[in-house]
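Residue numbers (my numbering), protein chains in the order written: chain V, 1 to 175; chain D, 1001 to 1780. The structure appears right after this line, and notes come after that.
Written out as structure tokens, the structure is:
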């Protein structure tokens, strides 16, 4: 397998072997080697060891693998790692300072909005992104923000309840 | 302790909201004293933070898919592209020599030794490879050379029953047919073509006489489709052979059970197989066994001398990770004018694919008083993936037919469906659930069936649930107390999302006068005492009594230590609020860790097993038993049917349930909401679609296979009864399955109420709704 350098290879085509990449994840620059076909979800879970990002369907149908790209939720299974160099990537591990919780995480705990938990990191990130752009979402805003998420355990009612609770607080502090 | 004479003890009994009485039971003296009702307790009956919620919301929880071991290899599975084929030849040598490949394994085996293996469904495992990366493993699959001889097949439930349909099995193979549910052999039934049976289960009385006496009869045929489990974490295993045996990490509902299966498969003693599952991303019945994927990972690991990870892709998950069998139920119910049932006849067919066990449960036999019952079931083999248990197996399909038939009978008798049920349902608990639910949903608003006009029509319906209160008697729990005051609760029981860890902490904290946060929870590891499976709604019922018993024994040992030091009678000591005190003497008081510091050794421990229910079990079979009283549950649904688009919207569900003593109301509410949502999906969306021309599943993904999302979620109001029976140290039973069983029928009855038209087949998709409404309009 050749290890084509994006700058050095005369054909100008990267891959198919691994190539170096710098990803800005949770505020830190990480240099990794991944094949061009590697999805962001795979790069996060593999070389970066950030297994809080889960892969459930791997075809963009369930939003389980949601991360933020420059603050916007995306399905990390449907983005290639090579596409996002230079963008700010936030994963569930980087949502709050180590040892502390984001208000959405606290609300999920308080309202038992967690069952098996596999889809939870993605739901938390979509909910936190909603709060960042709209501190007082109503039920419809919340349903819309999480409408792409699938949860087989059926945590939606408690997720919505948790978010409505946050929304109605006088002075929402959402990090 | 086992030889001590039994004692007569008084337990709280009855429904708490109606006022509790007492029941006296004869109890072994090795059991802890009766537990008061929840109102008298500190932690049980409240809703502390879920034990693993913090780990789950931060992404720190470790699932099997997250396990990474040094030198770990990645497996990929070659699967049959044919629904029915003879495997004429297979050559793994090129794959074995492919880059990065460390082991190859043939997986297709003949049922009858010496014959060429037959492949019986698309997606059936043929061979597996383990390689250094997932990509190299996938690439190596292309190097496996297989010569298939395609054979005629049938994937259609109707077609498979025709005499000329290609047969899935020969009679001589029946003892090898996998069972979808409990271990059983298909060979006890006759086989004609693909039709296995009849199985006559639960027949009683003289049904023919009952029909002869009938003043009113309802009769109809109901269909339910194949549903897939769709666990968000796919089936996953990491197997690692070492000098002493086998280590397995597995996303499983039953660590102890799969440990036994691995041990048997590989000829190892139980003590040399360790199965672990930290976090588990759902199961719903599909993750109860070792499976071909499990044994393949272990075999590859042994061959390669390295750990092997095998994780299903989503399409593998949809095609080969189990499913709920289809059903066709011809149900006939006879009654007198006053509603008294005289006979029920249920003729059912169902397909569990290449497996058997597609029966429709025992709701028709057990829900209502009826002297005559005739229940005849046939399984139908098809060339599709094997079914397995799925949330309320059998009863969920059965309730869809039964509860609509009872609704129809009520209409025919001109009786309110609740009034009819009050006459024929012997369960006093469900009677109360009906009363509460009716008030909550506003049953009096319900109009006559089909009385609504306009494009969008509203309706209210209800249906009932019934599920055996299962108990695993092979269920044990250890409680350890350390000299520094640390408390651990240990069991191999696993938390698949139900929150059993929290429940264990509550029970132990209650007994020791601590808080749930004080208790260290060590579960999901077969190095600990064998816990129950997380299926059959039996986990809480099976593990909380031994947890409390073990905690009580540790407590007694601790109190004896303090009493010896103080030279007082242990009976005179009071434990609670993190302290030990001499009764009536506030000066003689020790903080918790001062008391534990008096232990003679660093750590004391007690292990308890699940005692029998105090009044006995109704049925016992091997490691499992069924309690005297079934679990109930009544659900009410309000729906809106758009008669132009065919879209059914569920607006509201009121779910009234019982599970003995509720230990953690918030987690129980989560379970019930989940069951209701799965029921809404089953009612309106879910269906495995098979291509009759190729035998492939056409929707093996989460785009075309639909289940309920946030936008499909109605208001779900959960009402929990507190029901005491004095049956165990915790008196708690399960909830997961009853929460799912009634939902689809309640929705169908609401749709009938809205439109005046019966929907006897699932799923009620917009297309099906338009077709059914159109057909009904043409008839009138």
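We treat Cβ as the ideally placed atom computed from N, Cα and C, and that holds for glycine. Computed from a prediction, not measured in an experiment: that's the story for all the values here.
Shortest alpha-carbon distance to residue i belongs to which of the options?
i, options, result
"residue 1381 of chain D", "D/1374, D/1353 and D/1626", "D/1353"
"residue 1715 of chain D", "D/1654, D/1738, D/1543 and D/1112", "D/1654"
"residue 1782 of chain D", "D/1218, D/1239, D/1730 and D/1036", "Chain D is shown only over 1001 to 1780; residue 1782 of chain D falls outside these bounds and no answer can be derived."
"residue 1529 of chain D", "D/1235, D/1777, D/1551 and D/1493", "D/1493"
"residue 100 of chain V", "D/1055, D/1066 and D/1116", "D/1055"
"residue 1738 of chain D", "D/1674, D/1752 and D/1299", "D/1674"
"residue 78 of chain V", "V/70, V/90, V/63 and V/152", "V/63"
"residue 1129 of chain D", "D/1449, D/1117, D/1091 and D/1156", "D/1091"
"residue 1711 of chain D", "D/1648, D/1570 and D/1015", "D/1648"
Cutting at 7 angstroms between CB atoms, please list the residues of its own chain near residue i, excluding the five before and the five after it.
i, result
"residue 1167 of chain D", "1193 and 1194"
"residue 1224 of chain D", "1326, 1327, 1397, 1400 and 1762"
"residue 1532 of chain D", "1472, 1475, 1493, 1538, 1539, 1542 and 1543"
"residue 956 of chain D", "The question about residue 956 of chain D has no answer here: the residues shown for chain D are numbered 1001 through 1780."
"residue 1256 of chain D", "1492, 1526, 1530 and 1531"
"residue 6 of chain V", "Residue confidence for residue 6 of chain V is low, a pLDDT of 42 falling below 50, so the modelled location carries little weight and cannot support an answer."
"residue 1028 of chain D", "1004, 1006 and 1611"
"residue 1253 of chain D", "1283, 1287, 1288, 1494, 1496, 1533, 1534 and 1535"
"residue 1163 of chain D", "1193"
So, for residue i: in the same chain, excluding its five sequence neighbours on each side, which residues have a beta-carbon less than 8 angstroms away from its beta-carbon?
i, result
"residue 1013 of chain D", "1020, 1021, 1022, 1023, 1724, 1725 and 1726"
"residue 1701 of chain D", "1314, 1315 and 1318"
Would you identify the three-state DSSP class for residue i, choosing helix, strand or coil?
i, result
"residue 1688 of chain D", "coil"
"residue 1015 of chain D", "strand"
"residue 1188 of chain D", "helix"
"residue 194 of chain V", "What the structure shows of chain V is the stretch from 1 to 175, and residue 194 of chain V is not part of that stretch, so it cannot be assessed."
"residue 6 of chain V", "Any reading at residue 6 of chain V is ruled out, since the residue's pLDDT is 42, under 50, leaving its predicted position unreliable."
"residue 1010 of chain D", "strand"
"residue 1149 of chain D", "strand"
"residue 157 of chain V", "helix"
"residue 1082 of chain D", "coil"
"residue 1747 of chain D", "helix"
"residue 1038 of chain D", "helix"
"residue 1253 of chain D", "coil"
"residue 1161 of chain D", "coil"
"residue 1780 of chain D", "coil"
"residue 71 of chain V", "coil"
"residue 115 of chain V", "coil"
"residue 1723 of chain D", "strand"
"residue 1264 of chain D", "helix"
"residue 1371 of chain D", "coil"
Enumerate in chain order the residues of its own chain whose CB-to-CB distance from residue i is below 6 angstroms, with the five nearest sequence positions on each side excluded.
i, result
"residue 1705 of chain D", "1699"
"residue 1564 of chain D", "none"
"residue 1618 of chain D", "1626 and 1628"
"residue 163 of chain V", "127 and 142"
"residue 1719 of chain D", "1436 and 1656"
"residue 1026 of chain D", "1006 and 1008"
"residue 1018 of chain D", "none"
"residue 120 of chain V", "114"
"residue 1160 of chain D", "1154, 1194, 1380 and 1382"
"residue 1345 of chain D", "1207, 1332 and 1374"
Hey, residue i and residue j: beta-carbon distance below 7 angstroms or not?
i, j, result
"residue 1481 of chain D", "residue 1554 of chain D", "yes"
"residue 1750 of chain D", "residue 1496 of chain D", "no"
"residue 1755 of chain D", "residue 1641 of chain D", "yes"
"residue 1365 of chain D", "residue 1358 of chain D", "no"
"residue 1232 of chain D", "residue 1281 of chain D", "yes"
"residue 1465 of chain D", "residue 1741 of chain D", "yes"
"residue 1636 of chain D", "residue 1462 of chain D", "yes"
"residue 1558 of chain D", "residue 1522 of chain D", "no"
"residue 1731 of chain D", "residue 1429 of chain D", "no"
Any heavy atom of the ligand ZN closer than 6 angstroms to the CB of residue i?
i, result
"residue 114 of chain V", "Although the ligand ZN was asked about, the structure shown includes no ligands whatsoever."
List the residues of chain B whose Cβ lies closer than 8 angstroms to the Cβ of residue i, in chain order.
i, result
"residue 1280 of chain D", "Structure shown: chain B not included; protein chains present are V and D."
Quiz item: If we count Cβ pairs, one from each stretch, closer than 8 angstroms, do we get three or more for the region 1615-1622 of chain D versus the region 1681-1690 of chain D?
Solution: No, the region 1615-1622 of chain D is not in contact with the region 1681-1690 of chain D.
Exercise. Decide yes or no for the touch test of the region 1483-1497 of chain D against the region 1640-1655 of chain D: beta carbon pairs closer than 8 angstroms, at least 3 of them.
Key: No contact exists between the region 1483-1497 of chain D and the region 1640-1655 of chain D.
Practice problem: Spell out a yes or no on whether the region 10-24 of chain V and the region 1028-1047 of chain D are touching, meaning 3 or more CB-CB pairs, one atom from each, closer than 8 angstroms. | Solution: Contact check between the region 10-24 of chain V and the region 1028-1047 of chain D: fewer than three CB pairs, one atom from each, fall below 8 angstroms, which does not count as touching.
Quiz item: Would you say the region 1140-1158 of chain D touches the region 1073-1087 of chain D, given that touching needs at least three Cβ pairs under 8 angstroms?
Solution: Note that the region 1140-1158 of chain D touches the region 1073-1087 of chain D; at least 3 beta-carbon pairs, one per stretch, sit closer than 8 angstroms.
Exercise. Report yes or no: do three or more beta-carbon pairs, one from the region 1229-1244 of chain D and one from the region 1061-1078 of chain D, lie closer than 8 angstroms?
Key: In short, these stretches touch, since the Cβ pair count reaches three.
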